[in-house]
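Quick note on numbering: the sequence shown equals residues 916 to 1296 in the working numbering. What follows is one structure encoded as structure tokens, with my remarks underneath.
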Amino acid sequence: MNRTERLTVALDERRYDILVGEDLVAQAGRHLRPLAEGRRVMIVSDETVAGLHLGALERALADARIDARAFVVPAGEASKDFATLQHLCERLLEAGIDRGTLLLAFGGGVVGDLTGFAAAILLRGIDFVQVPTTLLAQVDSSVGGKTGIDTPQGKNLVGAFHQPRLVLADTGILASLPRREMLAGYAEVVKYGLLGDAGFFHWLEGHGHSLVEGEPNALRHAVLTACRAKAAVVAADERETGQRALLNLGHTFAHALEAECGYGDDLLHGEAVAIGMTLAFELSAQLGLCPAEDADRVRRHLAAVDLPTGFERLGGRAWSAGRLIEHMRRDKKASGGQPAFVLARRIGEAFVSRDVAEADLVSLLTEAIAQTAPPLDLAGA
Ligand code: GLY
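Put into structure tokens, the structure is as follows:
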């Protein structure tokens, strides 16, 4: 089966389509032509994606007589910074972009966020298209118009809402994704089941393994389901004044863990989200809001596909509940130092809470951290 499905993010004059299919990079010329007619296209990619796939994209655009030029940034989260943004903007300006130029973000979340932000600020705003190449970017960051960069004070603290004009999610390209990246993206897939679609979570319990192994039909179904859910949420609440906040399930914990781990390879964002979602369900169970059985089911499923669910795999660090809570207080979703949490009544039913007591957080985190301690060597005592 190799159909291309079209979803729409219904945002009035800024509405746009998300295409999900298996060889959309090869067909990019055809899909971009109506938008790119008479315009120059500037592709922004990173070294890894460019090495693997830029040739195919450039050929597809050339075949459709689309005038395109590529700009390549170093791979990795470090490129989401002011220095890379400045360099990229200056190179694009030197290349003579005008208000009609179309930027094309070809990569994972880093490239998408950086390119989208450059598009938001260059010439006071130009159009851009997302061609996400990671599972995480396909199911989350490429849709919804959140763009931005990191600063030493935290992730995504400088940015803008700027919606893309089109998203091409080529699920075939995920075959080249390293397993760890696939798993990290899978955490964001699971998120949609946990926050609002118990049936999808149940489907993932049955198909998650084949999905992370790259089975095309499972991948396609998951990307479509996730994008459909995200498109509906973004259309209803573009600026996150209400239900869009549910997409942050697990993220208050995740951002604190990432801040402690330094945003590098020690802990990928999706891995942090897997731990964060487990903790969010455990907190919900601890507060008597959600059956303990649901929290166990979440942990079991994430662990079964080999995602981290606690601090065990983040050894070698002196974790401190107090320090993690400090990060949470500084999170950009916090208000007056009170962090926001997405909690659950059950799998598939999440809500936002701003009144989790510090004592409850301390006991949750202290217990989770205690489980990382190596077992006592009683035999040798
Ligand atoms: N990644 C969360 C959102 O787009 O709102």
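C-beta: ideal position from N, C-alpha, C; glycine also.
Whole-angstrom C-beta distance between residue j and residue i, which should lie under 8 Å
i	j	result
aspartate 985	isoleucine 958	As written in the sequence, residue 985 is alanine, which differs from the aspartate given in the question. Going by Cβ atoms, the distance from alanine 985 to isoleucine 958 rounds to 4 Å, so yes, they are a contact pair.
serine 994	valine 988	5 Å
isoleucine 1064	aspartate 1042	Actually they do not touch by this definition, with Cβ atoms about 20 Å apart.
threonine 1066	glycine 1074	Threonine 1066 to glycine 1074, Cβ: 10 Å. No contact.
isoleucine 1262	arginine 1214	Incorrect: roughly 12 Å between the Cβ atoms, too far for contact.
leucine 947	isoleucine 933	Actually they do not touch by this definition, with Cβ atoms about 14 Å apart.
valine 956	leucine 1017	5 Å
leucine 1000	leucine 1037	Their Cβ separation, rounded to whole angstroms, is 10 Å, which puts leucine 1000 and leucine 1037 out of contact at 8 Å.
arginine 918	glycine 936	7 Å
threonine 1048	histidine 968	7 Å
arginine 1269	serine 1250	7 Å
Closest by C-alpha distance to residue i, when choosing among the options
i	options	result
valine 1052	Ile1041, Gly1031, Asp927, Arg974	In the sequence as displayed, the identity of residue 1052 is alanine instead of valine. That would be Gly1031, whose Cα lies nearest to the Cα of alanine 1052.
aspartate 1085	Val1073, Pro1067, Gln1068, Leu1139	Leu1139
alanine 859	Gly1263, Gly1060, Val1054	Here the chain covers residues 916 to 1296 and nothing more, so residue 859 does not appear.
alanine 925	Val1058, Ile1041, Pro1093, Asp1275	Val1058
glycine 944	Ile1064, Ala1133, His1136, Ile981	Ile981
glutamate 1120	Leu1092, Leu1037, Asp1221	Asp1221
glutamate 920	Asp938, Arg930, Glu928	Asp938
glycine 1252	Arg1215, Arg1232, Glu1282, Thr1167	Thr1167
methionine 1097	Gly1023, Gly1015, Arg929	Gly1023
proline 1093	Asn1071, Glu1128, Leu1083	Glu1128
histidine 1077	Asn1132, Gln1045, Val1054, Leu1089	Gln1045
alanine 1219	Glu1153, Ala1195, Ser1125, Ala1272	Ser1125
alanine 965	Phe1116, Arg930, Glu1264, Val940	Val940
aspartate 1209	Leu1019, Arg1095, Gly1108	Gly1108
proline 1131	Ile1284, Leu967, Ile1088	Ile1088
tyrosine 931	Lys1070, Leu1204, Arg1143, Ala1207	Arg1143
lysine 1070	Leu967, Ala1272, Arg929, Glu1175	Glu1175
alanine 1141	Thr1156, Lys1106, Ala1113	Lys1106
glycine 1015	Gly970, Ala951, Ala983, Leu967	Ala951
threonine 1281	Trp1234, Thr1049, Gly1114, His1136	Trp1234
glutamine 942	Arg1080, Ala971, Glu928	Ala971
arginine 1095	Arg1238, Pro1223, Pro949, Pro1254	Pro1223
tryptophan 1118	Leu1050, His1216, Pro1079	His1216
glutamate 928	Leu1019, Arg1080, Arg1238	Arg1080
glycine 1203	Arg1238, Pro1254, Val1271, Ala998	Val1271
alanine 1090	Leu1072, Leu1050, Phe1116	Leu1050
In DSSP terms, what residue i is bridged to
i	result
proline 949	According to DSSP, which records beta bridges pairwise, proline 949 is partnered with nothing at all.
glycine 1022	Pro1047
phenylalanine 1256	Ser1268
valine 1073	Ile1064
isoleucine 958	Ala985, Leu1019
valine 1082	Ile933, Gln1045
valine 924	Tyr931
serine 1250	Gln1253
arginine 1261	Glu1264
Cβ-based neighbour list, residue i, same chain, cut-off 8 Å, excluding 5 preceding and 5 following
i	result
leucine 1276	Leu1198, Ala1236, Ile1240, Met1243
aspartate 996	Ile1064, Asp1065, Thr1066
arginine 1039	none
glutamine 1286	Gly1225, Phe1226, Glu1227
valine 1149	Val924, Leu926, Val1058, Gly1059, Gly1060, Arg1159
glycine 1111	Ala1144, Leu1161, Gly1263, Glu1264, Ala1265
alanine 1207	Ala1200
cysteine 1205	Phe1196, Ser1199, Leu1258, Ala1259, Arg1260, Arg1261
arginine 1154	Phe1076
Sequence-distant residues of the same chain with beta carbon closer than 6 Å to residue i, five excluded per side
i	result
aspartate 961	Val988, Ala990, Gly1022, Val1026
glycine 1165	Val1188, Gly1191, Met1192, Ala1195
aspartate 1055	Glu1103
asparagine 1163	Val1257
leucine 1003	Ala1033
glycine 1114	none
histidine 1184	none
alanine 1146	Leu922, Val924
methionine 1035	Reading the sequence as shown, one finds alanine at residue 1035 and not methionine. For alanine 1035, where only same-chain residues beyond five positions count, the Cβ hits under 6 Å are Thr1062, Ala1075, His1077.
glutamine 1068	none
7 Å CB neighbourhood of residue i in its chain, flanking five on each side removed
i	result
glycine 1295	A caution first: glycine 1295 carries a pLDDT of 45, below 50, which makes its placement in the model unreliable, though a value can still be read off. Here the set comprises nothing.
glutamine 1201	Asp1275, Leu1279
alanine 1151	Gln1158
alanine 1133	His1122, Ser1125, Leu1126
isoleucine 1284	Phe1226, Trp1234, Ala1236
glutamate 1005	none
Can at least three beta-carbon pairs, one atom from the segment 1164 to 1172 and one from the segment 1235 to 1248, be found at a separation below 8 Å?
yes
I want to know whether the segment 1257 to 1264 touches the segment 1223 to 1234 - three or more CB-CB distances under 8 Å.
no
Between the segment 1102 to 1114 and the segment 1180 to 1198, can you find at least three pairs of beta-carbon atoms closer than 8 Å?
yes
So, do the segment 1176 to 1184 and the segment 961 to 975 have three or more beta carbon pairs nearer to each other than 8 Å?
no
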